[in-house]
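Colleague:
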Amino acid sequence: MGNCHSNKRASNVYKDDDDSNLPSGTITPRFFHMSRSIQSINETSKSLDIDISEEKRLQSLHDYMLNLWQSKFFSPIHHKLVSGAVKVLDVGCGTGAWIIDMANKYPHTKFIGLDVSPIFSNSPLPYNVEFVQADLLKGLPFDDNTFDFVYMSNMVRYLSTKQWEDIVIKELVRVSKPYAFIEVMEGDLTLHNKGPVTTKLHEAFLASMHAKGISPLIETIITRIFQTNPNLTNFNVETKIGYLNMWGGLQNLENGLKIFKLSKKSNLEFMSSTPSEYDAMLETYVKEIDEYNTYCKFYRFYAQKIELPPSPVSFRSSSYINYSSSSTHKNLNHKNSQLLLRSNSTSSKVSSLNNLGHLKNNSLNDLGHFKNNSSNNLSSFKDNSLKKIPSRRNLT
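Residues in the sequence shown are numbered from 4 upward in steps of one, following the numbering used here.
1) Output yes or no for whether 8 Å exceeds the beta carbon distance between Y305 and F184.
2) Indicate the three-state DSSP secondary structure (helix, strand or coil) for H111 in the structure shown.
3) Could you check the C-alpha separation between T231 and K290 for me, to the nearest Å?
4) Leaving out five residues before and five after E310 in sequence, what residues of the same chain have Cβ atoms less than 6 Å from its Cβ?
5) Any idea if L335 is buried or exposed, counting beta-carbon neighbours within 10 angstroms, 16 or more meaning buried?
6) Just mark P127 as buried or exposed, buried being the case when its beta carbon has 16 or more other beta carbons within 10 Å.
7) Taking the C-alpha atoms as reference points, what is the distance between A137 and E294?
8) Straight-line CA distance for L192 to P219?
9) Grouping DSSP H, G and I as helix and E and B as strand, with all else coil, what is S163?
10) So for K75, helix, strand or coil by DSSP?
11) Which residue wins for smallest C-alpha separation from E186, given the options D104, L204 and N157?
12) Would you list the one or two residues that DSSP bridges to S156?
13) Which first and last residues belong to the alpha helix (DSSP H) in which V135 is found?
14) May I ask you to verify whether the region 91 to 100 touches the region 108 to 122, counting CB pairs closer than 8 Å and requiring at least 3?
15) Could I get the ranges of all uninterrupted alpha helix (DSSP H) runs contained in the region 170 to 232, with 4 residues as the minimum, in chain order?
16) Indicate whether Y298 and H195 have their beta-carbon atoms separated by less than 8 Å.
17) Is the region 208 to 228 in contact with the region 159 to 171, if contact means three or more CB pairs nearer than 8 Å?
18) Among the residues of its own chain, which have a CB less than 8 Å from the CB of N239, if the five just before and after it don't count?
19) So what does Y298 bridge to, in DSSP terms?
20) In this structure, how does DSSP classify A283 when only helix, strand and coil are distinguished?
21) With H, G and I counted as helix, E and B as strand and the rest as coil, what does DSSP make of A306?
22) Given I392, which residues of its chain have a CB within under 7 Å of its CB, disregarding the five upstream and five downstream residues?
23) In whole angstroms, what separates the C-alpha of N107 from that of V132?
24) Pull up the CB-CB distance for F134 and G87, whole angstroms please, since I reckon it's below 8 Å.
25) Would a C-beta distance cut-off of 8 Å place N258 and S74 closer than the cut-off?
26) Is the beta carbon of F208 less than 8 Å from the beta carbon of N248?
27) Considering only residues of the same chain and omitting the five flanking positions on each side of L143, which have a CB-CB separation below 6 Å?
28) Give the straight-line distance between the Cα atoms of I221 and H205, rounded to the nearest whole angstrom.
29) Buried or exposed, going by whether 16 or more other CB atoms sit within 10 Å of the CB of G292?
30) What does a CB cutoff of less than 8 Å around W101 pick up in its chain, not counting 5 residues either side in sequence?
31) Kindly identify the DSSP beta-bridge partner or partners of L117.
32) Hey, could you find the ends of the alpha helix (DSSP H) V85 is sitting in?
33) Indicate the three-state DSSP secondary structure (helix, strand or coil) for E241 in the structure shown.
34) Considering just the uninterrupted stretch of the alpha helix (DSSP H) at S269, what are its terminal residues?
35) Give me, in chain order, the residues of the same chain whose beta-carbon lies closer than 8 Å to that of M284; leave out the 5 immediate sequence neighbours on both sides.
Written out as structure tokens, the structure is:
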């Protein structure tokens, strides 16, 4: 997610506790919740076919993550959540399962979930939960420095490497307050200990992801972005191994199988198999992951936003670079203009002094010349006058 901007999404900025200021498309009734659309964040990210079972898969994945991590988050922010007076944002909240669980556990904290697409639900929401429908890649509809904790998970198949680098993390940092924690939880798309059929399915899946600019190496990407962002500090990462067979739990087995089922159309574009052959391969896949003990890795990353200096010239964040550079450039131009004026003024003074000296020299020369001429004229006048006066002798 410019130049010298206030970093405010003025057209659709969400204002807390004021439904009249909610962005267009925001879900205001408390009997609605969100679901991630498998159209994904934008039109280029249609990584899976739209299917109602995707909602079930996301719920199953949420349950599996709770069992795997044995906690809902990694960041050291529990004490603040308990005390309340903080705001939490869940970006790409999917079914809303994580944020609803969190809202029930921390009733004094305000939770806001954001996703690209809504669905209806008959289940009432906790009073401290709100949902906003918006596209992350178009900019989060919140002011700078709004949230004390920003969380995002299970977006690896929807975002390209470039989007992670140019928009996603920058937006998460922008809406976070100084000292806020930013946490990302993702599973690696790389499978380990694969059988021959699983290898074919996995290679086709990775090829379809690669065509969309999506990298399977999410750990490398997030680590690099977090560690190179000058506005972040206190980086930490936690890793867990998730087995795809029954050792990893029924939810993970079902999750992996559903991913291959839902991505069938896009995967077949990179395979020589027929749809029926693909279905048969899925049956073999279930057997192979048990035989080979296939697994993948899951990661939780967090970092803390630093206190930004008050002067915009000192801002190091990429969103402020142009602003700082522009401001500095203007200041330098102003200083250069002042120096130029001073230089011109000094030159004028020197020129004036030179002219004055030249004038004085000319005046002195003229005065000397005048005095000499006057003396000569006086002498000549005296001589002539004496010649014209008759002598007494001549008069007598």
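Yeah, the Cβ is synthetic: ideal placement off N, Cα and C, and Gly gets one too.
Modeller: Looking at the coordinates:
1) In the sequence shown, residue 305 corresponds to position 302, counting from 1. In the sequence shown, residue 184 corresponds to position 181, counting from 1. Yes; because the gap between Cβ atoms is below 8 Å, this pair is in contact.
2) In the sequence shown, counting from the first residue as 1, residue 111 sits at position 108. It is coil, neither helix nor strand.
3) Within the sequence shown, residue 231 is the residue found at index 228, counting from 1. Within the sequence shown, residue 290 is the residue found at index 287, counting from 1. Cα-Cα distance, rounded: 42 Å.
4) The count along the sequence shown starts at 1 and reaches residue 310 at position 307. Once the five neighbours on either side are set aside, the close Cβ partners of E310 are P181.
5) Reading the sequence shown from its first residue, position 332 is the one you call residue 335. Residue placement at L335 cannot be trusted, given a pLDDT of 38 that sits under 50; what the coordinates show is reported in the next sentence. Answer is exposed; the Cβ neighbour count stays below 16.
6) On the sequence shown, position 124 is the one that residue 127 refers to. Answer is exposed; the Cβ neighbour count stays below 16.
7) As a first step, residue 137 must be located in the sequence shown, where it is residue number 134. As a first step, residue 294 must be located in the sequence shown, where it is residue number 291. Their backbone Cα atoms lie some 43 Å apart in a straight line.
8) The count along the sequence shown starts at 1 and reaches residue 192 at position 189. The count along the sequence shown starts at 1 and reaches residue 219 at position 216. So the two alpha carbons sit approximately 5 Å from each other.
9) Counting from one through the sequence shown, the residue named residue 163 turns up at place 160. Correct three-state label for S163: coil.
10) As a first step, residue 75 must be located in the sequence shown, where it is residue number 72. DSSP places K75 in coil when its eight states are reduced to three.
11) Translated into positions along the sequence shown, residue 186 becomes position 183. The candidate whose alpha carbon is nearest that of E186 is N157.
12) As a working mapping, residue 156 is identified with position 153 in the sequence shown. Bridge partners of S156: M188.
13) Here residue 135 corresponds to residue number 132 of the sequence shown, with the count starting at 1. No alpha helix (DSSP H) holds V135; the beta strand (DSSP E) holding it covers V132 to Q136.
14) yes
15) 172 to 177, 199 to 214 and 221 to 231
16) The sequence position of residue 298 within the sequence shown is 295, counting from 1. The sequence position of residue 195 within the sequence shown is 192, counting from 1. Closer than 8 Å, so yes.
17) yes
18) Here residue 239 refers to the residue found at position 236 when the sequence shown is read from its first residue. Hits under 8 Å: F77, F304, Y305 and A306.
19) The sequence position of residue 298 within the sequence shown is 295, counting from 1. In DSSP, Y298 forms a bridge with H195 and Y246.
20) The residue given as residue 283 occupies position 280 in the sequence shown. Here A283 sits in helix by DSSP.
21) Taking the first residue of the sequence shown as 1, we reach residue 306 at position 303. In the structure shown, A306 sits in a strand (DSSP, three-state: E or B).
22) Counting from one through the sequence shown, the residue named residue 392 turns up at place 389. Unreliable positioning characterises I392 in this predicted model, as indicated by a pLDDT of 44, which lies under 50. The coordinate reading is nonetheless provided below. No residues qualify anywhere along the chain.
23) On the sequence shown, position 104 is the one that residue 107 refers to. On the sequence shown, position 129 is the one that residue 132 refers to. Computed Cα separation, rounded: 9 Å.
24) The count along the sequence shown starts at 1 and reaches residue 134 at position 131. The count along the sequence shown starts at 1 and reaches residue 87 at position 84. Incorrect: roughly 20 Å between the Cβ atoms, too far for contact.
25) Translated into positions along the sequence shown, residue 258 becomes position 255. Translated into positions along the sequence shown, residue 74 becomes position 71. Taking 8 Å as the cut-off, the Cβ atoms of N258 and S74 do not count as close.
26) Here the question's residue 208 lines up with position 205 in the sequence shown. Here the question's residue 248 lines up with position 245 in the sequence shown. Contact: no.
27) Within the sequence shown, residue 143 is the residue found at index 140, counting from 1. Counting only Cβ-Cβ distances below 6 Å, and skipping sequence neighbours, we find E174 and V178.
28) By 1-based counting over the sequence shown, the position of residue 221 is 218. By 1-based counting over the sequence shown, the position of residue 205 is 202. Each residue's Cα considered, the two are about 16 Å apart.
29) The residue labelled residue 292 in the question sits at position 289 within the sequence shown. Sequence check: residue 292 is Ile here, not Gly. The residue in question, I292, is buried, as its Cβ has 16 or more Cβ neighbours within 10 Å.
30) Locating residue 101 in the sequence shown gives position 98, counting from the first residue. Result list for W101: H65, K75, D93, Y154 and S156, in chain order.
31) By one-based count along the sequence shown, residue 117 stands at place 114. Per DSSP, the beta-bridge partners of L117 are V94 and V135.
32) For the purposes of this step, residue 85 is identified with residue 82 of the sequence shown, where counting begins at 1. Looking at the DSSP string, the run of the alpha helix (DSSP H) that includes V85 is H81 to S86.
33) To locate residue 241, count along the sequence shown from 1; it is residue 238. In this structure, E241 counts as strand in the three-state DSSP scheme.
34) Numbered from its first residue, the sequence shown carries residue 269 at position 266. Segment K267 to L271, the alpha helix (DSSP H) holding S269.
35) Indexing the sequence shown from 1 puts residue 284 at position 281. The answer, listed in chain order, is V200, K203, L204 and S276.
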